[in-house]
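Asker:
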Amino acid sequence: MELIESYLNRVRSHLHLDPRTEGRIIRELKSHFAEQVAELRERGMGAQDCAKEAVRCSGRPQSLARLFYAVYCQGSWTDALLALQPHLLVAALFLTHLWTSPLVLLASFGGVLYVALSGWARGRPNWLYPWIGYSLTPLIATVFYSMDFVYRSARDLLLGSRLSLQHVQLLLFVTLYALFIGLMALSVVRVVKRDWLLASYMIFPLPVLGVWISEIARIGVRFNSADPASYAWDRPMTAAFVLLGICAALFLRIRRRLARILLLGATCLGATILVGRVLLQTSTMLTLRLLVGLPLFTLLAPALLEQILGHGEPIRPAQDSGRPQAR
629 MELIESYLNR
639 VRSHLHLDPR
649 TEGRIIRELK
659 SHFAEQVAEL
669 RERGMGAQDC
679 AKEAVRCSGR
689 PQSLARLFYA
699 VYCQGSWTDA
709 LLALQPHLLV
719 AALFLTHLWT
729 SPLVLLASFG
739 GVLYVALSGW
749 ARGRPNWLYP
759 WIGYSLTPLI
769 ATVFYSMDFV
779 YRSARDLLLG
789 SRLSLQHVQL
799 LLFVTLYALF
809 IGLMALSVVR
819 VVKRDWLLAS
829 YMIFPLPVLG
839 VWISEIARIG
849 VRFNSADPAS
859 YAWDRPMTAA
869 FVLLGICAAL
879 FLRIRRRLAR
889 ILLLGATCLG
899 ATILVGRVLL
909 QTSTMLTLRL
919 LVGLPLFTLL
929 APALLEQILG
939 HGEPIRPAQD
949 SGRPQAR
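Residue numbers for the sequence shown follow my numbering, so the first one is 629 and each next one is one higher.
#1: Could you tell me the alpha carbon to alpha carbon distance between T706 and Y829, rounded to whole angstroms?
#2: Give a yes or no on whether 7 Å exceeds the smallest Cβ distance from F696 to chain D.
#3: State the Cα-Cα distance for the pair N754 and V732, rounded to the nearest angstrom.
#4: Determine the DSSP secondary structure at L726, reduced to helix, strand or coil.
#5: Apart from the five residues on each side of it in sequence, which residues of its chain come closer than 7 Å, Cβ to Cβ, to I841?
#6: Taking the alpha-carbon of P628 as reference, which of H715, L919, I889 has the nearest alpha-carbon?
#7: For L721, which residues from the same chain have a beta carbon less than 8 Å from its beta carbon, with the 5 sequence-adjacent residues on both sides left out?
#8: Provide the residue span of the alpha helix (DSSP H) that contains I760, from first to last.
#9: Report the rounded CA-to-CA distance for G950 versus I844, giving the unit in angstroms.
#10: So G904 and L919 are supposed to be a Cβ contact under 8 Å. How far apart are they, rounded?
#11: Report the option in S634, A662, P647, R694 whose CA atom is closest to the CA atom of R818.
#12: Could you compute how far the alpha carbon of Q953 sits from the alpha carbon of Q702?
#13: Go through its chain and collect everything with a Cβ distance to L804's Cβ below 7 Å, but skip five positions before and after it.
#14: Within a Cβ cutoff of 6 Å, which residues of the same chain sit near A719, ignoring the five residues on either side of it in sequence?
#15: Who are the Cβ neighbours of L756 in its own chain at under 6 Å, not counting the five residues just before and after it?
#16: Would DSSP call A860 helix, strand or coil?
#17: Around the Cβ of V665, are there at least 16 other Cβ atoms within 10 angstroms (buried) or fewer (exposed)?
#18: Decide if P856 is buried, meaning its Cβ has at least 16 other Cβ atoms within 10 Å, or exposed.
#19: Can you list, in chain order, the residues of its chain with a C-beta nearer than 6 Å to that of Y762? Leave out the 5 residues immediately preceding and following it.
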């Protein structure tokens, strides 16, 4: 019946769970409605009246979806520990000052990228999203470190300078920028269609890293540097990523959606200001307004994007037949 189908579609649009779980919930609700309609028909009610009564008894679709979300959204302690790991890895790099070692960075990024790609191919469990976010970090660093070169090369080209090797390098960097934007957009859009809050959860370390990377790129810090000035922000960065890791673990254990939003927003804002507080003393580019705006944009932009794109991923047969997630 159209009325019941419309009601179920509205319920699903507010579930914000993985497609397999959403499909199972909708099937259970369909079965429940079928039984309820059959019972009402036995009492002599018309088909349309039966559907209206069944929908009325079920309450608002938002309220019903909220109840299902609270039941199914909670991750296990194992999930929480897995979500914690990439944050602790980054914190350890700052604590030991090993972020200046290209070999250590390459090994760390290789591990993070392997986990991110493997988890993405296996249905994207909720603990995976921090790993995906960190896998984008090298692209962000490349953009910041090459920005000055790209600007100068593009300006020279527009002013009519002769083509040279510098402009070939410019083309390579522009291609890299396009690749980064494409990967970022693809990742965020796919996740937003499942749940905008998970998209925010995925990228919420990026304001902290972005503020730090932009500053060390501005002052010319190089890898393999023994300059003590390179380590000036390592202590607040360590504290910030430990804080982000604790938030990532708690996020998966909390059932209430509003509590998750508040936790994510407060932690992202606090960590960004914790790091930015040090940079504000030396930087002429950073302002307190920018430090507040970056995490708020990270939190709210995915929510706006979901309003534009809508909610819901296709349910693949392989997903639909899987076991329910552990809670």
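C-beta: ideal position from N, C-alpha, C; glycine also. Every value quoted in this text rests on a predicted model; they were computed, and no experiment measured them.
Answerer: In short:
#1: 18 Å
#2: Although the question refers to chain D, the structure presented lacks it and comprises just one protein chain.
#3: 27 Å
#4: helix
#5: I768, A769, F772
#6: The chain is shown from 629 up to 955; residue 628 falls before or after that span and cannot be answered.
#7: W727, V732, L733, S736
#8: 757 to 763
#9: Note that G950 scores a pLDDT of 39, beneath 50, so its modelled location is shaky; the value from the coordinates is reported in the next line. In a straight line, the C-alpha of G950 is about 46 Å away from that of I844.
#10: 4 Å
#11: P647
#12: For Q953, the pLDDT reaches just 44, beneath the cut-off of 50, and the residue's location in the model is therefore unreliable, although a value from the coordinates is still provided. C-alpha separation (whole angstroms): 10 Å.
#13: T770
#14: T866, F869, V870
#15: G747
#16: coil
#17: buried
#18: exposed
#19: P714, V740
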